[in-house]
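Residue numbers (my numbering): 1 to 149. Think of the CB as a built atom: it goes at the ideal place given N, C-alpha and C, for glycine as much as any other residue. Data first, discussion second: the structure below is written as structure tokens.
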Amino acid sequence: HICRDVNYGWLIRNIHANGASFFFICLYLHIGRGLYYGSYLYKETWNIGIMLLFLVMATAFVGYVLPWGQMSFWGATVITNLLSAIPYIGNVLVQWIWGGFSVDNATLTRFFAFHFLLPFLIAGASIIHLLFLHQTGSNNPTGLNSDTD
1 HICRDVNYGW LIRNIHANGA SFFFICLYLH IGRGLYYGSY LYKETWNIGI
51 MLLFLVMATA FVGYVLPWGQ MSFWGATVIT NLLSAIPYIG NVLVQWIWGG
101 FSVDNATLTR FFAFHFLLPF LIAGASIIHL LFLHQTGSNN PTGLNSDTD
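Now the structure itself:
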């Protein structure tokens with residue numbers, strides 16, 4: 001465990017956890033700015049941004065489970081069980097995510113893999129988001145082009 005077995009591991013873990021919280025603050029400010037500026041009118045750029053939000057939330061959730069305490073275990077159990085409400089595939093999807101019939105060590109291994117791999121998807125989606133933003137341009141509250149005299 002990084003907090004006990006690595007020099008200053010407690011600091012690394014706390015910076016990682018608090019950095020994620022700060023990142024969410026920045027993300028919510030970015031979404032608020034987009035709503036204020038009417039950026040949702042650029043549907044492709046907005047939808048990729050929403051997809052990014054869900055990817056970041058998924059990464060944060062699986063990271064929350066990794067310490068494997070009681071809160072982590074029951075958080076994983078409750079949130080993954082929400083997927084069982086999906087018609088036809090819900091129960092199969094939940095068992096696939098769990099890696100068995102209950103939240104167990106296989107679930108922890110899968111969540112560690114997801115926590116490692118999802119940031120690469122986030123980086124790729126961020127590049128696509130920026131490419132669409134470059135095409136449409138940033139908006140402002142007045143709705144006027146910034147290069148207009």
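Close beta carbons around residue i, own chain, < 6 Å, minus the five adjacent residues each side
i	result
Gly99	Ala106, Thr107 and Arg110
Thr45	Phe132, Leu133 and Thr136
Asn91	Ser84
Cβ neighbours of residue i in the same chain (closer than 8 Å, five flanking residues each side left out)
i	result
Leu11	none
Presumed contact (8 Å Cβ cut-off) between residue i and residue j, rounded CB distance
i	j	result
Tyr40	Gly32	That belief does not hold up - the Cβ atoms of Tyr40 and Gly32 are roughly 12 Å apart, past 8 Å.
Phe101	Leu66	Between Leu66 and Phe101 the Cβ distance is about 21 Å, and since that is not below 8 Å, they are no contact.
Ala20	Ala60	6 Å
For residue i, the nearest candidate out of the options (CA to CA)
i	options	result
Asp104	Glu44, Ala76, Phe54 and Gly9	Ala76
Leu136	Phe73, His115, Asn81 and Lys43	Before going on, a small fix: residue 136 reads as Thr here, not Leu. When each option's Cα is compared against that of Thr136, the closest is Lys43.
Ala125	Ala17, Arg4, Gly49 and Leu93	Gly49
Ile97	Ala85, Gly69, Thr80 and Arg13	Thr80
Trp68	His1, Tyr8 and Thr142	His1
Ser138	Cys3, His30, Arg4 and Asp5	His30
Phe120	Leu55, Ile15 and Tyr88	Leu55
His115	Cys26, Gly63 and Asn14	Gly63
Beta-carbon proximity list for residue i, same chain, < 7 Å, skipping 5 on both sides
i	result
His129	Thr45, Ile48, Gly49 and Leu52
Ala17	none
Whole beta strand (DSSP E) elements within the stretch 7-71, 3-residue minimum:
none
Which runs of the alpha helix (DSSP H), 4 residues or longer, sit entirely within the stretch 69-100?
70-82 and 90-98
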